[in-house]
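Novice: Take this structure, written in C-alpha cells, and hold onto it; I'll ask about it next.
Chains as they are written, first to last, in our numbering: chain W, 3 to 252; chain V, 208 to 541.
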C-alpha cells in the first residue's frame, strides 16, 4: 500500500498555476525522486505536501488519511517532515546538539514545561547524540551550527528532519550547493536512511538521483508527466524532450 | 584574553560570567542598602533603589518577549499601566462607601489581581497582534497601548487625565508595613530575586528553548512540528503578567497611578533600558534599569535638558556596544 497518495493537487498564485492537478503515489520504504526542469513547481509541491502552503484543490492521503487541510505542525506529528533547499537551521548560539535536541524534544512530551532545565533531560540528549552520529557529525556536537562548513550544515538540515521521527522525509535538494565529495557523503547518508524511512527526494544532481531512487516522477509545468523506475525514465522519450531538450532526443 | 588562536569552528561560548567576588559584593550591597542609607542619613536613595528594582522586573518581562522570543513590542507599558490601575482602582473602591467594585487594599489580593489582569490583557492583545510580523507587530502593539492610554484618559471615575492617588500602600500583614520605605524595599527585593531566578529557570527549560528557537528561525520551528503562535502567545501573556506585577509595585512606590504610565513614551523608555542593558541577556533588564535610572537621577540634577545627554549616551552605547552593557562585558573576544 502506498504511504503517500497525491490526487489532483492544485496550487495557484494569482493567475499562475504552479501545481496543476499533480498526482503521485509514494510506496512505503522507497526513495521516490522528483525531477523536472527549473520552475517545474517541485519546491511548491514539496511545500504543499509538508503543509507550509495550503493547496487550492486536491487530496493528500498520508497512511490513508486526508491531511490536505492540516497545518504543518500536525503533519509533523503524524510523521511527515521536510528539509529545505536553502539551509534553514538554528544559528545564533545554537550548537549542533541544540539544533537536533530541539526537534527531538517535540516528540518526547509537552514543551509547556517552564522550570526543569532541558539540559538535564538525558533521554532527549541521548537521542539527539545518536542522530548527530548518524548524520556524520560526531565530535561536532558542541560546535555552533552557524560556524560549520556548508556541507556540514546541509547534514544538520537533514538531521533536523530526521530528528522529528518522521516516517516520510521530504528532502528538497539535499545536494544543493555542495562539492563533489560532499555530494557523495550526502548520498551515503541518504542510502543509510533507505529502508528505515520513506523518502521523497527533489534533486538536480542526476548521479545522486540514479544512485538513490527506486522510482522517479517527472514534474513539468506543475504536472506529473511520468513515473517509473530509473531505467524506464531514462528510456522515456517524452521525458527527454521535456527535460533535456529536443536536441537530446534527436 | 585567551592566547590560543580561535578554532575554525568555535564551540558555543559559555554564558557570560561575572567575577564571583563582584556578585557577592553586589548582593551584599543590595541586602544592606536601606540600612547604609539610613546610617548616612540619605533615605531618599532607598526609594530610588526600590524604583530601580521595580523597573528591573518590568524591563526583564520585556526581555522575555523581545530578547528571548524575538517579538519587538512597542506597547509594553500597557501591561505596566493595567497592573498599576488594578491596584489603584481596588484601593479607591475600598475607601468608598458604595463602590462600583468590591475593593481591597490587601497586597495578597491586589497584586495577583494586577498580574492576572495584565496577563489576560496581554493574552487578548497578543492573540490579535501575533498574527503580524516585524514592523506591523511593532505598530499594532503600539496602537493597542495607545488605545488603553486614551481609555484611561477619558475614564473620569478613575481620575482621567489627572490620575489617581492612593491613600496608602497595600497591606501585607505579618508585621510588615509597606508604608515604611525600608520594608517596601525588602519586599520588592525579594520579588525581584524571585523574578530573576524564575526567568533563569524558564530560559533553560523546554519552553525557553522553544521560544529561542522561534526567535532564531520560526519557519523551521513549524517544520519540526511546533505550533509556534501558541508558544509565542503564552510567552507574551507571561511577560504581560510580570509587567502587571511591576506596575502594581510602581503604583505602591509612587502612591499614584496615571495614564502616562502606559503612554508610548513609557514603552519607549522600557525599550531603551533593555537595549542599554543587553537584549536577550538575563541581567540585561536589571543592568539597563540601573544605568538608565541612575543616569536620569544624576543628569536631571544638573540640567532640565537631561534627556539630551541621555540620548547621546544611548547613541554611544548602541554604536559601540550593540549587545548592551552585559553583552560588552560578559563575553570574551569578537
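Just so you know, even glycine gets a beta-carbon here, dropped at the ideal spot from N, CA and C.
Between 362(V), 471(V), 400(V), 288(V), which lies nearest to residue 346(V) when the distance is taken from Cα to Cα?
Specialist: 471(V)
Novice: Residue 180(W) by DSSP, collapsed to three states: which one?
Specialist: coil
Novice: Starting from the beta carbon of residue 446(V), find every residue of chain W whose beta carbon is closer than 7 Å, and list them in chain order.
Specialist: The contacting residues do not exist; residue 446(V) stays about 13 Å from chain W at best.
Novice: Work out the CA separation of residue 114(W) and residue 414(V) for me, nearest whole Å.
Specialist: If you take the alpha carbons of residue 414(V) and residue 114(W), they lie about 5 Å apart.
Novice: Does DSSP classify residue 119(W) as helix, strand or coil?
Specialist: strand
Novice: If the criterion is Cβ atoms closer than 7 Å, does the pair residue 74(W) and residue 53(W) meet it?
Specialist: yes
Novice: Any beta carbon from chain V within less than 7 Å of residue 122(W)'s own beta carbon?
Specialist: no
Novice: I'd like the list of long-range same chain contacts for residue 314(V), defined as Cβ closer than 6 Å, with 5 residues on each side in sequence excluded.
Specialist: 377, 379
Novice: Consider the Cβ of residue 157(W): report whether some Cβ of chain V lies at a distance smaller than 7 Å.
Specialist: It does not; no Cβ of chain V falls within 7 Å.
Novice: Check whether the Cβ of residue 232(W) lies closer than 7 Å to any Cβ atom in chain V.
Specialist: no
Novice: So that I know if they touch, is there some Cβ in chain V lying closer than 7 Å to that of residue 78(W)?
Specialist: For residue 78(W), the answer is yes, since a Cβ of chain V falls inside 7 Å of its Cβ.
Novice: I want to verify the contact list: residues of chain V whose CB lies under 7 Å from the CB of residue 96(W), in sequence order.
Specialist: Proximity of chain V to residue 96(W) at the Cβ level (cut-off 7 Å) is accounted for by 423, in chain order.
Novice: For residue 333(V), which residues from the same chain have a beta carbon less than 7 Å from its beta carbon, with the 5 sequence-adjacent residues on both sides left out?
Specialist: 440, 443, 444
Novice: Given that residue 45(W) touches chain V, what residues does it touch there, using C-beta distances under 9 Å?
Specialist: Within 9 Å Cβ-Cβ: nothing; residue 45(W) doesn't reach chain V, min ~13 Å.
Novice: Between residue 412(V) and chain W, is there a C-beta pair that is closer than 7 Å?
Specialist: Chain W contact via Cβ: present.
Novice: Please identify the residue among 28(W), 21(W), 24(W), 14(W) whose C-alpha is closest to the C-alpha of residue 5(W).
Specialist: 28(W)
Novice: Check the Cβ of residue 542(V) against every Cβ in chain W and list those closer than 8 Å, keeping chain order.
Specialist: This structure gives no information on residue 542(V), because the portion of chain V shown stretches from 208 to 541.
Novice: Run down chain W in chain order and give the residues with a C-beta less than 8 Å from the C-beta of residue 426(V).
Specialist: 54, 90
Novice: For a contact defined as C-beta to C-beta under 9 Å, what are the partners of residue 152(W) on chain V?
Specialist: Within 9 Å Cβ-Cβ: nothing; residue 152(W) doesn't reach chain V, min ~12 Å.
Novice: If we define contact as Cβ-Cβ less than 7 Å, is residue 74(W) a contact residue for chain V?
Specialist: yes
Novice: Please classify residue 470(V): does DSSP put it in a helix, a strand, or coil?
Specialist: coil
Novice: Is there a Cβ from chain V that is less than 7 Å from the Cβ of residue 14(W)?
Specialist: no
Novice: Tell me which same chain residues have a C-beta within less than 8 Å of the C-beta of residue 267(W), skipping the five on either side of it?
Specialist: This structure gives no information on residue 267(W), because the portion of chain W shown stretches from 3 to 252.
Novice: Under 8 Å by Cβ, that's how I've got residue 217(W) and residue 166(W) pegged, so tell me the actual separation to the nearest angstrom.
Specialist: With 8 Å as the limit, residue 217(W) and residue 166(W) do not qualify as a contact, their Cβ atoms being about 24 Å apart.
Novice: Would you call the region 444–457 of chain V in contact with the region 337–352 of chain V, where contact means no fewer than 3 C-beta pairs closer than 8 Å?
Specialist: no
Novice: Along chain V, in chain order, which residues have C-beta atoms closer than 7 Å to that of residue 115(W)?
Specialist: When 7 Å is used as the limit between beta carbons, residue 115(W) is near these residues of chain V: 412, 413, 414, in chain order.
Novice: Ordered along the chain, which non-local residues of its own chain (more than five positions away) have a Cβ less than 7 Å from that of residue 321(V)?
Specialist: 290, 293, 294, 451, 452, 454, 455
Novice: May I ask you to report which of helix, strand or coil DSSP gives residue 281(V)?
Specialist: coil
Novice: Using a C-beta cutoff of 7 Å, does residue 321(W) count as contacting chain V?
Specialist: Shown here, chain W extends from 3 to 252; a query on residue 321(W) therefore has no answer.
Novice: Tell whether a beta-carbon distance below 7 Å holds between residue 355(V) and residue 285(V).
Specialist: yes
Novice: Evaluate residue 40(W) with the Cβ neighbour count: other Cβ atoms within 10 Å of its Cβ, from every protein chain shown; 16 or more gives buried, anything less gives exposed.
Specialist: It counts as exposed.
Novice: Would you call residue 164(W) buried or exposed, if buried means 16 or more other Cβ atoms sit within 10 Å of its Cβ?
Specialist: buried
Novice: The beta strand (DSSP E) spanning residue 4(W) covers which residue range?
Specialist: 4–15
Novice: Would you report the Cα separation of residue 102(W) and residue 196(W), rounded to the nearest angstrom?
Specialist: 20 Å
Novice: DSSP three-state label for residue 25(W), please.
Specialist: Reduced to three states, the DSSP call for residue 25(W) is strand.
Novice: Note down, in chain order, each residue of its chain lying with its Cβ closer than 6 Å to the Cβ of residue 493(V), except the 5 sequence neighbours on either side.
Specialist: 263
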